[in-house]
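S.K.: Chains as they are written, first to last, in the working numbering: chain A, 1 to 98; chain B, 1001 to 1466.
Note that CB positions come from ideal geometry on N, CA and C, so glycine has one too.
Structure follows, in structure tokens:
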């Protein structure tokens, strides 16, 4: 079973990479800085792993490492989404008649 | 809830999160829909977190709460930094991403070793996760330090640098493979962690400040890949998907940055750029034509098409808002204005666009290099503000120039060029710029903010010019 799941994960990785290349290639160069902060926030989904390790409290060692990882990921989620939105709000079109 | 139901709720929320993340990046492709992309990303994140918190193993919330509070307290101020500091913030967030991956890998190793659940595959995934995670952590901290200029931006080199660095990495990988064969050799684990941390530092210190856009993108890719490795460790598919999106994004951006500088990955990582730039000044120095702000204003007044070429020097001089005033003056006279954006203008991909957007310059006037280059021969006046190497025609024809082959903005093909510069000191790469001595170029010396302010004054009133 474990072997089967390994391959399923490998396929997911391969397909997601192709989707990533395709989607990212279409992002206007205008927005490459917000792109980087947004993908940063998204990959902080790593928080789900840290949440389980912290919340199950199996050993003090794993709980402390987990809590630091939660803090690091939450920092990326909070600052990543907020700064992306802050930057995107600045992009304005020319007002008519200007 | 029955365990089966919980499992389905969790997986369902992960599936929704993955779809929302893909939508998020799709909507980011255009400024009109980009903010919707942020919303989709937030919703995906919330879905995944809620789906995780129903997990029956999560029994205690105190430490989670501590982590969330600390993360929020650190994260909110980090989202409010000046836009010139966005590259540093980005590098820091790659560091946090790498750190989280490294710590989760370490915790999982200890837990599985104790419970006897370690398998060869898990050990292999953990090895990849901690090497990538910890080298991204220290490497990104070094990159952030260089961008913030708390550590020297010049390349730091020593003898046999590449050999030593790669040997350290090879030892770490070797130790990791040993662990895959025999996971109980726990004393190897701290060795791998220490070597990865050290390798991250040594990988970045020989890289000069000019290469930071590529380095940030590459570290972005590593941070994504360490999240993928974490996904393999935890058998979590949404992590693999999000990490793969981040990893491929970082990879594409680094390829774009490398192409824009005509460099290869190996050259950026192992070339110690900026080391041997003591290029001999060939031939006699031609004289430059110096002009005043008034002359520049008069020249701009006669134009019907103007292109402004901003470089990072403009941001350093905090001249963006003055540039906006100048743009308004030109537009008021019916003069067409565009901004030519070189891919490496600024310190990270797309940085210049954000800096100009902050100065309220409409984004439809920001034109990429490949789109604006054909327009230069029809352009009456090009105003170069704080850009240097990206407008140096030597890149097209001088095979001895270190920037030969680098794609540039063909500013020299315009009818006339005004270059604002603090002094005749050569730019970051220490290369003479023949644009400044060309027949159709005039130089206005001084601080970019003051000079552009004077040009605007000369156009509006004519008085008060020194």
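Would you check if there are 3 or more beta carbon pairs closer than 8 Å linking the region 1134-1148 of chain B to the region 1197-1210 of chain B?
M.R.: yes
S.K.: Between the region 1103-1125 of chain B and chain A, which residues of the former have CB atoms less than 8 Å from a CB of the latter, in chain order?
M.R.: 1103, 1104, 1106, 1107, 1108, 1110, 1111, 1114, 1119, 1121
S.K.: For the region 1085-1103 of chain B, which residues have a beta carbon sitting closer than 8 Å to at least one beta carbon of chain A?
M.R.: Of all residues in the region 1085-1103 of chain B, the ones placed with a Cβ closer than 8 Å to any Cβ belonging to chain A are 1086, 1089, 1090, 1093, 1094, 1096, 1097, 1099, 1100, 1101, 1103, in chain order.
S.K.: Flag residue 60/A as yes if its beta-carbon sits less than 8 Å from any beta-carbon of chain B, otherwise no.
M.R.: no
S.K.: Buried or exposed for residue 1063/B, going by 16 or more other Cβ atoms inside 10 Å?
M.R.: buried
S.K.: Mark residue 1461/B as exposed unless 16 or more other C-beta atoms lie within 10 angstroms of its C-beta, in which case mark it buried.
M.R.: exposed
S.K.: Using the three-state DSSP reduction, which class does residue 1070/B fall into: helix, strand or coil?
M.R.: In the displayed model, residue 1070/B falls within a helix according to three-state DSSP.
S.K.: Tell me where the alpha helix (DSSP H) around residue 1108/B begins and ends.
M.R.: 1086-1115
S.K.: For residue 1305/B, which of helix, strand or coil comes out of DSSP?
M.R.: Residue 1305/B falls in the strand class under three-state DSSP.
S.K.: Grab the span of the alpha helix (DSSP H) containing residue 1467/B for me, first residue to last.
M.R.: Because chain B is modelled from 1001 through 1466, residue 1467/B falls outside the range shown and cannot be assessed.
S.K.: By how many angstroms is the C-alpha of residue 1114/B removed from the C-alpha of residue 1015/B?
M.R.: 32 Å
S.K.: Between the region 1325-1341 of chain B and the region 1367-1387 of chain B, do three or more beta carbon pairs fall short of 8 Å?
M.R.: yes
S.K.: Leaving out five residues before and five after residue 1224/B in sequence, what residues of the same chain have Cβ atoms less than 6 Å from its Cβ?
M.R.: 1243, 1246, 1247, 1250
S.K.: What span of residues does the alpha helix (DSSP H) with residue 44/A cover, start to end?
M.R.: Unbroken run through residue 44/A: none, as it is neither H nor E.
S.K.: Would you list the one or two residues that DSSP bridges to residue 1441/B?
M.R.: 1417/B
S.K.: Apart from the five residues just before and just after residue 973/B, which ones in its own chain have a Cβ nearer than 7 Å to its Cβ?
M.R.: Outside the shown range of chain B, which is 1001 to 1466, sits residue 973/B, and nothing can be said about it.
S.K.: With 16 as the cutoff for other CB atoms within 10 Å, does residue 1065/B come out buried or exposed?
M.R.: exposed
S.K.: List the residues of chain E that residue 1248/B touches, going by C-beta distances under 7 Å, in chain order.
M.R.: The displayed structure is made up of protein chains A and B, and chain E is not among them.
S.K.: Using a C-beta to C-beta distance shorter than 7 Å, which residues of chain A count as neighbours of residue 1068/B?
M.R.: 70, 74
S.K.: Starting from the Cα of residue 1408/B, find the closest Cα among 1121/B, 1296/B, 1260/B, 1009/B and give me that residue.
M.R.: Minimum Cα distance to residue 1408/B is reached at 1260/B.
S.K.: Please compile the residues from chain A whose C-beta is within a distance smaller than 7 Å of the C-beta of residue 1232/B.
M.R.: By Cβ distance, chain A contributes 9.
S.K.: What is the DSSP secondary structure of residue 1290/B, counted as helix, strand or coil?
M.R.: Here residue 1290/B sits in strand by DSSP.
S.K.: Looking only at its own chain, which residues have a Cβ that is under 6 Å from the Cβ of residue 81/A, when we skip the five neighbours before and after it?
M.R.: 41
S.K.: Going along the region 1022-1043 of chain B in order, which residues come within less than 9 Å of chain A, judged by CB to CB distance?
M.R.: 1022, 1024, 1025, 1026, 1028, 1029, 1030, 1031, 1032, 1034, 1035, 1037, 1038, 1039, 1041, 1042
S.K.: CB-CB under 8 Å to residue 1152/B, same chain, minus the five flanking residues each way: which ones, in chain order?
M.R.: 1146
S.K.: Between residue 1391/B and residue 1355/B, how many whole angstroms is the CB-CB distance? I'm expecting something under 8 Å.
M.R.: Their Cβ separation, rounded to whole angstroms, is 18 Å, which puts residue 1391/B and residue 1355/B out of contact at 8 Å.
S.K.: Near residue 1307/B, what residues of its chain come up, given a Cβ to Cβ distance below 6 Å and the 5 sequence neighbours on each side ignored?
M.R.: Taken in chain order, the residues that qualify are 1338, 1340, 1379, 1382.
S.K.: For residue 1244/B, which residues in chain A fall below 7 Å Cβ to Cβ?
M.R.: Residue 1244/B reaches chain A at 13, 16, 17, 20, counting residues in chain order whose Cβ is nearer than 7 Å.
S.K.: Assuming residue 1386/B and residue 1446/B are in contact, meaning their beta carbons sit under 8 Å apart, how far apart are those beta carbons, in whole angstroms?
M.R.: Between residue 1446/B and residue 1386/B the Cβ distance is about 12 Å, and since that is not below 8 Å, they are no contact.
S.K.: Look at residue 1219/B and residue 1195/B and say whether their C-beta atoms are less than 8 Å apart.
M.R.: no
S.K.: What distance in whole Å lies between the Cβ atoms of residue 1101/B and residue 61/A, which are believed to be in contact at a cut-off of 8 Å?
M.R.: Not quite, the Cβ-Cβ distance comes to about 17 Å (not below 8 Å), so this is no contact.
S.K.: If you pair each beta-carbon of the region 1316-1331 of chain B with each one of the region 1344-1359 of chain B, do three or more pairs fall below 8 Å?
M.R.: yes
S.K.: Return the chain-ordered list of same chain residues with a C-beta closer than 8 Å to the C-beta of residue 1148/B, the five sequence neighbours on each side being excluded.
M.R.: 1085, 1088
S.K.: In its own chain, which residues sit with a C-beta less than 6 Å from the C-beta of residue 1459/B, not counting the 5 before and 5 after it?
M.R.: 1297, 1329
S.K.: State the DSSP-derived secondary structure class of residue 1336/B, mapped to helix, strand or coil.
M.R.: Taken through DSSP and simplified to helix, strand or coil, residue 1336/B comes out as strand.
S.K.: Comparing the C-beta of residue 1343/B with each C-beta of chain A, is any distance below 8 Å?
M.R.: Chain A contact via Cβ: present.
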